[in-house]
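The structure under discussion appears below in the form of C-alpha cells.
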Amino acid sequence: MAGEGSNAEWMGNLPPALRALPLSNLAIPGSHDSFSYWVDDKSPVGPDQATTIKRLARISLVRKIMKKWSVTQNLTFKEQLESGIRYFDLRVSSKPGEAGQEIYFIHGLFGISVPDGLMEMNTFLTQHTTEVIFLDFNHFYAMSDSHHAYLVSRIQEVFGSKLCTKECVENVTLNYLWEKKQQVLIFYHHPVCEEYPFLWPGNTMPAPWANTTNVRKLLQFLDTTRAERAKQGTFHVSQAILTPRVRTIARYLIRGLKNTLVHRNLPTILDWVKSQKPGIMGVNIITSDFVELVDFAASVIALNDLLLEDGKKKS
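Taken in order, the sequence shown gives residues 183 to 497; the numbers are from the working numbering.
Dropping the structure here:
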C-alpha cells in the first residue's frame, strides 16, 4: 500500500510511479485552520471579528465560549506533520496596538506567532527530507505593506533554500522537488506575491467553501467543485468541513464546534473521502477539522493506491 509505514514519511515511501506524477494529481491530507490547536482567550479578540463580537468579548466568559468555536484542531503542527498532514490552512494578523511588526495566527482569537509555527515545521522538514508541505496564507488582517514585508522575510529566513519557486503546476513532482532539495510551497493570497519568486499566487490553490451545516449539502458541493477543477490546471482543495451559523453557535453555545458539528458528521465525511479517487478529474488536497478524531490522514494517503491500480491496468 502507498500509505504503509510511518505517516511521517509517507511521501518518501511512495512508489516510483507516483513520485513522477504532478503533486496536483496525488491525494494529500490537509487541516482546516491548521494553527488553531492553541488560541489565547486572555488576549483581545482579533480584527477578523465583527464590532459587536469585539464589544461582547470584553467579558472573559464570552472569550472562553469563543475558544470552543475557534479551535478546529487538537494536534500541534509537529503532531499534524507526523500524522501525515501536508497542507496547512493559515490565517494571520498583526495585533492592533502592539509595537513592532509581529504577525500571529488568528481564528477569532490570536494563536502563536507565525515565525514560531514556521520554525516548528522547518525542524520536521530538516529531519524528514523527502516530505513536502503546502502553506496556504489565505487571510490577512490588520496588515500594512511593512507587515507583509516582515512576514515574507521571516518565511525566507526560516525555510531558505527549501522554498519552491513558482513553476507550472504540472511540472511539480516529488522527483522534481527532491532533485532541487525543495520542500515548501507557499501560497500567498495577496498582490505582494508578484514581487517574490517563491510566493505562489492564491489562484493556484483554489479552495471553494461550502459554508453549510448540512453534511449532505457539503458532499454535493464537494462533488460539484471537484468535477470543475480539470479546467483550471491548478492545485485544488476540497474543504470537507461544516461551518456553524450564528444560530448554531447561539443554540449550542457551551458545546462548541467539535461536540455540535464535528463528532456526529465526521464518519459520513470519512466515507466520502474513502470513496474518492485522486487525479485530474478527482481530488487533490482534502482538509478536515480535528484530523485525529478519525483515520483521516491515512484514509486520504491510501487513495493514492488507486493511481497505481490505474497504472497497472494501462500497462
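Beta carbons: idealized from backbone N, C-alpha and C, even for Gly.
Computed from a predicted model, the values in this text were never measured in an experiment.
- Rounded to the nearest angstrom, the Cβ distance from T394 to T425 is 7 angstroms, consistent with a contact under 8 angstroms.
- Secondary structure of Y358 (DSSP, three-state): helix.
- By the criterion of a C-beta distance shorter than 6 angstroms, F316 is surrounded in its chain by Y269 and L367, once the five residues flanking it on both sides are discounted.
- Within its own chain, the residues whose Cβ lies closer than 8 angstroms to the Cβ of D477, once the five positions on either side in sequence are excluded, are L452, listed in chain order.
- Look at the beta carbons and you see the stretch 194-210 not touching the stretch 270-287: under three pairs across the two are nearer than 8 angstroms.
- Excluding its 5 nearest sequence neighbours in each direction, M303 has C-beta neighbours in its own chain below 6 angstroms: F259, listed in chain order.
- Around the CB of L435, fewer than 16 other CB atoms lie within 10 Å, so the residue is classed as exposed.
- The continuous alpha helix (DSSP H) containing P198 extends over residues P198 to R201.
- Comparing C-alpha distances from P383 to each of A409, F417, R408 and Y286 shows the shortest one belongs to F417.
- For R245, the enclosing alpha helix (DSSP H) starts and ends at S242 to S252.
- Contact between V244 and V274 is absent: CB atoms are separated by about 23 angstroms, not below the 8 angstroms threshold.
- Annotation for Q421: no alpha helix (DSSP H) segment contains it, though the beta strand (DSSP E) segment containing it runs V419 to Q421.
- One thing to note: V253 has its Cβ within 9 angstroms of the Cβ of S218.
- Around the beta carbon of D298, fewer than 16 other beta carbons sit within 10 angstroms, so the residue counts as exposed.
- If you look at D271, you'll find it isn't in any alpha helix (DSSP H); it sits in the beta strand (DSSP E) that goes Y269 to S276.
- Taking M301 as reference, the option from L485, Y378 and K344 with the minimal CA-CA separation is K344.
- Between G461 and the set E410, E349, L475 and P373, the nearest pair of CA atoms involves E410.
- Closest in C-alpha terms to L356, from the list T312, A392 and M325, comes T312.
- Annotation: L208 is outside any alpha helix (DSSP H) and is labelled neither H nor E by DSSP.
- If you draw a straight line from the Cα of Q421 to the Cα of A432, it is about 24 angstroms long.
- Taken atom to atom, the span from the alpha-carbon of Q262 to that of H289 is near 18 angstroms.
- The beta-carbon distance between V221 and G293, rounded to whole angstroms, is 5 angstroms. This is short enough to meet the 8 angstroms contact definition.
- Take the alpha-carbon of Q458 and the one of L404: they are about 11 angstroms apart.
- Rounded to the nearest whole angstrom, the CA to CA distance from W391 to E361 is 35 angstroms.
- In this structure, the beta-carbon distance from D471 to L439 falls below 9 angstroms.
- The C-beta distance from V465 to R408 rounds to 6 angstroms, short enough to meet the 8 angstroms contact threshold.
- Boundaries of the alpha helix (DSSP H) around I451: H445 to K456.
- Taking the CA atoms as reference points, E376 sits about 15 angstroms from C346.
- Less than 9 angstroms divides the Cβ of P197 from the Cβ of L490.
- Beyond the five residues adjoining it in sequence on each side, R437 comes within less than 7 angstroms, by CB distance, of no other residue in the same chain.
- The shortest CA-to-CA distance from I241 to any of P226, N396, Q255 and W251 is the one to P226.
- By the CB criterion at 9 angstroms, Y370 and D230 fall outside the cutoff.
- When secondary structure is reduced to three states using DSSP, H371 falls in the coil class, being assigned neither helix nor strand.
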